[in-house]
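Counting from 282, one number per residue, gives the positions in the sequence shown under my numbering.
One structure below.
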Amino acid sequence: MSEPVTILGIETSCDETAAACVMGGADVLSSVVSSQIDLHAQFGGVVPEIASRAHVELVVPVIARAVVEAGIEDRRIDAIAATVGPGLIGALLVGVSTAKALALVWDVPFVGVNHLEAHLYAALLEDPNLTLPVVVLLVSGGHTMLVSMDGHGQYRLLGQTIDDAAGEAFDKVARYLGLGYPGGPAIDRDARKGDPDAIHFPRAMLDDGLDFSFSGLKTAVVNHVRKHPEVETADVAASFQRAVVDVLVTKARRAAAEVGATAIALGGGVAANSLLREELLRACDADGRRAFLPSPSMCTDNAAMIAATGWYRLRSDGPTPLDHGADPNLRLPVR
Ligand code: KG4
Ligand code: ZN
Numbered sequence: 282m283s284e285p286v287t288i289l290g291i292e293t294s295c296d297e298t299a300a301a302c303v304m305g306g307a308d309v310l311s312s313v314v315s316s317q318i319d320l321h322a323q324f325g326g327v328v329p330e331i332a333s334r335a336h337v338e339l340v341v342p343v344i345a346r347a348v349v350e351a352g353i354e355d356r357r358i359d360a361i362a363a364t365v366g367p368g369l370i371g372a373l374l375v376g377v378s379t380a381k382a383l384a385l386v387w388d389v390p391f392v393g394v395n396h397l398e399a400h401l402y403a404a405l406l407e408d409p410n411l412t413l414p415v416v417v418l419l420v421s422g423g424h425t426m427l428v429s430m431d432g433h434g435q436y437r438l439l440g441q442t443i444d445d446a447a448g449e450a451f452d453k454v455a456r457y458l459g460l461g462y463p464g465g466p467a468i469d470r471d472a473r474k475g476d477p478d479a480i481h482f483p484r485a486m487l488d489d490g491l492d493f494s495f496s497g498l499k500t501a502v503v504n505h506v507r508k509h510p511e512v513e514t515a516d517v518a519a520s521f522q523r524a525v526v527d528v529l530v531t532k533a534r535r536a537a538a539e540v541g542a543t544a545i546a547l548g549g550g551v552a553a554n555s556l557l558r559e560e561l562l563r564a565c566d567a568d569g570r571r572a573f574l575p576s577p578s579m580c581t582d583n584a585a586m587i588a589a590t591g592w593y594r595l596r597s598d599g600p601t602p603l604d605h606g607a608d609p610n611l612r613l614p615v616r
């Protein structure tokens with residue numbers, strides 16, 4: 282295939298319907314994200330059936346807008362990439378079926394993309410000169426991982442959560458504090474009004490390897506608020522956020538030192554957290570490493586990262602057969 286190749290990416294793994302056109306794996310021509318937050322907020326979390334139905338309604342208009350905003354004729358799209366997992370199966374199937382149908386009609390290759398790999402690529406997408414190996418701290422609603430990205434498609438899992446994901450902890454604590462959904466941005470906002478040193482919450486497994494544990498922290502928050510009902514919510518939010526960020530940054534630093542990486546990148550929705558970004562930058566400055574912080578809109582779910590990953594996967598593996606299904610439990614291919 283002659284370069285550069287324009288890829289239409291489609292993302293429907295959870296509660297964002299997204300489409301993007303990316304040229305040459307790095308040049309984002311358009312990136313459209315339609316969030317379903319308002320639909321799910323009243324239930325305090327994502328309702329899978331509602332998500333699937335909303336994707337069905339939104340996916341075609343979102344793709345149409347991405348194609349128009351990219352300023353290209355649909356005939357000049359060279360391949361279609363879609364998230365095949367992990368995620369909610371009903372939601373994934375909407376994007377995968379749409380991508381396959383378009384691939385058939387337009388007679389272009391289909392590329393199935395791993396959502397977790399795409400979060401790793403989001404950092405690369407905004408800085409194609411990033412030199413590998415790089416340690417990526419991938420922190421999303423469903424995953425918390427430290428990965429050494431040694432080459433394209435070559436990943437080593439250095440550590441992961443043994444219970445809740447970091448984003449899940451943000452969402453559960455925010456719900457308990459009555460701050461609404463999604464919890465991460467709500468805590469990020471409220472924490473700015475609070476004192477991060479007001480309460481010392483536990484930092485589980487801080488001195489212990491590269492794995493994480495967040496479920497005890499959530500319990501500690503609940504116990505503290507029960508014991509001190511007069512406590513300021515903003516102080517709880519700020520102290521909780523400080524505890525999560527302390528652990529994430531300490532372990533990311535340790536991981537980079539262990540593998541001799543000269544850079545740390547952030548990926549996943551929690552990477553949009555303002556304190557995490559500040560603290561990681563500070564730590565990297567102190568250690569003489571580079572920090573790659575994708576813009577917040579590239580951290581949360583989007584289709585530009587799907588199209589960029591699709592470009593690399595198409596080059597390395599070729600098209601994905603059209604009988605390849607969606608896999609809600611797909612794992613990152615690690616060594
Ligand atoms: O990557 P993502 O958009 O979806 C998944 O693949 O899970 O991540 C969503 C998660 C949610 O748990 C949300 O609360 C969290 O990312 N999040 C944040 C922030 N923005 C989103 N967590 C902390 N601070 C934020 N600013
Ligand atoms: Zn995600």
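Backbone N, C-alpha and C fix where the C-beta goes; we use that ideal spot for every residue, glycine too.
Values in this document were obtained by computation on a predicted structure and should not be read as measured data.
Quick check on the DSSP output: the alpha helix (DSSP H) that includes residue 401 runs from which residue to which? Walking along the sequence shown from the start, residue 401 turns up at place 120. For residue 401, the uninterrupted alpha helix (DSSP H) run begins and ends at 396 to 407, by DSSP.
Give the DSSP bridge partners of residue 302, in chain order. Taking the first residue of the sequence shown as 1, we reach residue 302 at position 21. DSSP lists 289 and 311 as partners of residue 302.
First and last residue of the uninterrupted beta strand (DSSP E) at residue 482: For the purposes of this step, residue 482 is taken as residue 201 along the sequence shown, with counting starting at 1. Taken as a continuous stretch (DSSP letters only), residue 482 belongs to no beta strand (DSSP E), as it is neither H nor E.
If we ignore side chains and look at the alpha-carbon of each, how far apart do residue 490 and residue 614 end up? Here residue 490 is taken as the residue at index 209 of the sequence shown, counted from 1. Here residue 614 is taken as the residue at index 333 of the sequence shown, counted from 1. Distance between the alpha carbons of residue 490 and residue 614: 22 Å.
Near residue 333, what residues of its chain come up, given a Cβ to Cβ distance below 8 Å and the 5 sequence neighbours on each side ignored? In the sequence shown, residue 333 corresponds to position 52, counting from 1. Hits under 8 Å: 369, 371, 372, 374 and 375.
Closer than 8 Å by C-beta to residue 449: which residues in its own chain qualify, once you throw out the five before and the five after it? Chain order, please. For the purposes of this step, residue 449 is taken as the residue at position 168 of the sequence shown. Answer for residue 449: 422, 423 and 495, listed in chain order.
Cutting at 6 Å between CB atoms, please list the residues of its own chain near residue 282, excluding the five before and the five after it. Stepping through the sequence shown from its first residue, residue 282 is reached at position 1. Here residue 282 scores only 48 on pLDDT, less than 50, and its place in the model is too uncertain to base an answer on.
Does the separation of the CB atoms of residue 480 and residue 445 fall below 8 Å? Start at 1 with the first residue of the sequence shown, and residue 480 comes out as number 199. Start at 1 with the first residue of the sequence shown, and residue 445 comes out as number 164. No. Outside cutoff.
Three-state secondary structure (DSSP) of residue 282: The residue labelled residue 282 in the question sits at position 1 within the sequence shown. Note on residue 282: pLDDT 48, under 50, position unreliable in the model; the coordinate value appears next. Residue 282 falls in the coil class under three-state DSSP.
Could you work out which residue in 603, 502, 599 and 590 is closest to residue 301 when comparing CA atoms only? As a first step, residue 301 is located in the sequence shown; it is residue number 20 there, counting from the start. Comparing Cα-Cα distances from residue 301 to each of 603, 502, 599 and 590, the minimum goes to 590.
From 431, 469 and 544, pick the residue whose C-alpha is nearest to that of residue 241; which is it? The requested residue 241 is not part of the displayed model; the chain covers only 282 to 616.
Do residue 550 and the ligand ZN come close, with the Cβ less than 7 Å from some heavy atom? The residue you call residue 550 lines up with position 269 of the sequence shown. Checking every heavy atom of the ligand ZN against the Cβ of residue 550, one is found closer than 7 Å.
For the ligand ZN, which residues count as neighbours when the test is a C-beta closer than 5 Å to any heavy atom? This selection yields 421 and 582.
What separation, rounded to the nearest whole angstrom, lies between the Cα atoms of residue 553 and residue 394? Translated into the one-based positions of the sequence shown, residue 553 becomes position 272. Translated into the one-based positions of the sequence shown, residue 394 becomes position 113. Looking at the two C-alpha atoms, the distance is approximately 22 Å.
Residue 438, enclosing beta strand (DSSP E) - first and last residue: Stepping through the sequence shown from its first residue, residue 438 is reached at position 157. 435 to 441 is the span of the beta strand (DSSP E), which, as asked, contains residue 438.
In terms of alpha-carbon separation, which member of 542, 585 and 457 lies closest to residue 571? Indexing the sequence shown from 1 puts residue 571 at position 290. Taking residue 571 as reference, the option from 542, 585 and 457 with the minimal CA-CA separation is 542.
Rounded to the nearest angstrom, how far is the Cβ of residue 326 from that of residue 419, given a contact under 8 Å? For the purposes of this step, residue 326 is taken as the residue at position 45 of the sequence shown. For the purposes of this step, residue 419 is taken as the residue at position 138 of the sequence shown. Contact between residue 326 and residue 419 does not hold, since the beta-carbon distance rounds to 21 Å and is not under 8 Å.
By DSSP's criteria, residue 545 is part of a beta bridge. Which residues make up the other side? Here residue 545 corresponds to residue number 264 of the sequence shown, with the count starting at 1. 416 and 572.
If you check the beta carbons only, do residue 288 and residue 588 fall under 8 Å apart? Indexing the sequence shown from 1 puts residue 288 at position 7. Indexing the sequence shown from 1 puts residue 588 at position 307. Yes. Within cutoff.
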